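Q:
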Amino acid sequence: MSHPFSNDTLPIQPNRPATPGTYMQRYTQDQARIWNASGHRMHHTVPAPHQITRHSSLAPHIPRWEYLQLNSYGGGRGQGTGGVVEFVRGSRQLLLLTDALDETCPDLRDAERSAPLGDVSSKMSIRIPFPGAEPYTRQITARRSTVKGEPVFMKVLARKIAEEMVKYIVREQRAQTPLMYRNMPVRLDQLALCGVQNISDGSWVPIFMIYTLPDPRGPAAMVAM
């Protein structure tokens, strides 16, 4: 699906109105840091992702973080605002879904502040149209049980999205149609949550980055991806 992030960019200012121009700088600036900090970093003789242009012949074969391009979503009531709620860590590292699931990111910005979800109702639909798979849709609680009914905290929203991704992965595994990316089954620890975007009235789509793993069939298998 189309969203304001591209595979060349990574937004830096959380919870601001999204425009294409705000997402054209940060990815390449942060690739070296992400590479060095990642638990997936490769042997030092392998070029880091920030050293390889997207048009390089090496690009498809090097494990790297990249934005997960979900399928377009064609349903929903009314037109969404397109607004994006971003999940940013103070360390500027990625928010891994495994960390979001356990709420183990003390440096998550605005972790214990209400998520800026606008006039969202008590429930919001999380839609994950993963490429090549049956789309996933579930409603999650969007507001707290308080007198004012404020939106859930940022860390809670991140956890709920991670929980839904776990359910999605398990559902497809049980159906013997596992989620696949570059010919490899998707694991939760490959995914990082960058944001969630309003695509229609009451419907939101997560924005993920995925750590691409080497294709077990070798580079030739990835050329056609």
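Numbering follows our numbering, with no gaps: position 52 of the sequence shown is 228.
All residues carry an ideal CB built from backbone N, CA and C; glycine is no exception.
Model, not experiment: these values are computed from the prediction.
1) Can you tell me where the alpha helix (DSSP H) with ALA368 in it begins and where it stops?
2) In its own chain, which residues sit with a C-beta less than 7 Å from the C-beta of PHE384, not counting the 5 before and 5 after it?
3) To the nearest angstrom, how far is it from the Cα of MET360 to the Cα of LEU273?
4) Short check: CB of LEU271 to CB of LEU284, under 8 Å?
5) So, helix, strand or coil for GLU242, using DSSP?
6) Label GLY259 either buried or exposed according to how many other C-beta atoms from any shown protein chain fall within 10 Å of its C-beta, with 16 as the threshold for buried.
7) Between which two residues does the beta strand (DSSP E) carrying VAL260 extend?
8) In whole angstroms, what is the alpha-carbon distance linking GLU262 and ARG350?
9) Give me the Cβ distance between VAL372 and ILE337, rounded to the nearest whole Å; I'm assuming they're in contact under 8 Å.
10) Would you tell me roughly how many angstroms separate the C-alpha atoms of ALA291 and PRO239, rounded to the nearest one?
11) DSSP on ARG335, reduced to helix/strand/coil?
12) I'd like the span of the alpha helix (DSSP H) that includes THR274, first residue to last.
13) Following the continuous beta strand (DSSP E) through GLN269, name the residue where it begins and the one where it ends.
A: Quick look at the numbers:
1) Reading the sequence shown from its first residue, position 192 is the one you call residue 368. Taken as a continuous stretch (DSSP letters only), ALA368 belongs to no alpha helix (DSSP H), being part of the beta strand (DSSP E) at 367-376.
2) Position 208 of the sequence shown, counting from 1, holds the residue named residue 384. Once the five neighbours on either side are set aside, the close Cβ partners of PHE384 are LEU244, LEU367, ALA368, LEU369, CYS370.
3) Translated into the one-based positions of the sequence shown, residue 360 becomes position 184. Translated into the one-based positions of the sequence shown, residue 273 becomes position 97. Those two C-alpha atoms are separated by around 18 Å.
4) Position 95 of the sequence shown, counting from 1, holds the residue named residue 271. Position 108 of the sequence shown, counting from 1, holds the residue named residue 284. Cβ atoms of LEU271 and LEU284: closer than 8 Å.
5) Position 66 of the sequence shown, counted from the start, is the residue given in the question as residue 242. Strand at GLU242.
6) Along the sequence shown, read from residue 1 onward, the residue named residue 259 stands at position 83. Burial call: buried.
7) Counting from 1 along the sequence shown, the entry for residue 260 is found at position 84. Note, VAL260: beta strand (DSSP E), 260-262.
8) The residue given as residue 262 occupies position 86 in the sequence shown. The residue given as residue 350 occupies position 174 in the sequence shown. Looking at the two C-alpha atoms, the distance is approximately 31 Å.
9) Against the sequence shown, residue 372 aligns to sequence position 196. Against the sequence shown, residue 337 aligns to sequence position 161. Contact holds; Cβ gap of about 6 Å.
10) In the sequence shown, residue 291 corresponds to position 115, counting from 1. In the sequence shown, residue 239 corresponds to position 63, counting from 1. ALA291 and PRO239: Cα-Cα distance of roughly 32 Å.
11) In the sequence shown, the residue the question calls residue 335 occupies position 159. Three-state result, ARG335: helix.
12) Along the sequence shown, one-based indexing puts residue 274 at 98. Start and end: 273-278.
13) One-based indexing of the sequence shown puts residue 269 at position 93. Run containing GLN269: none; DSSP gives neither H nor E here.
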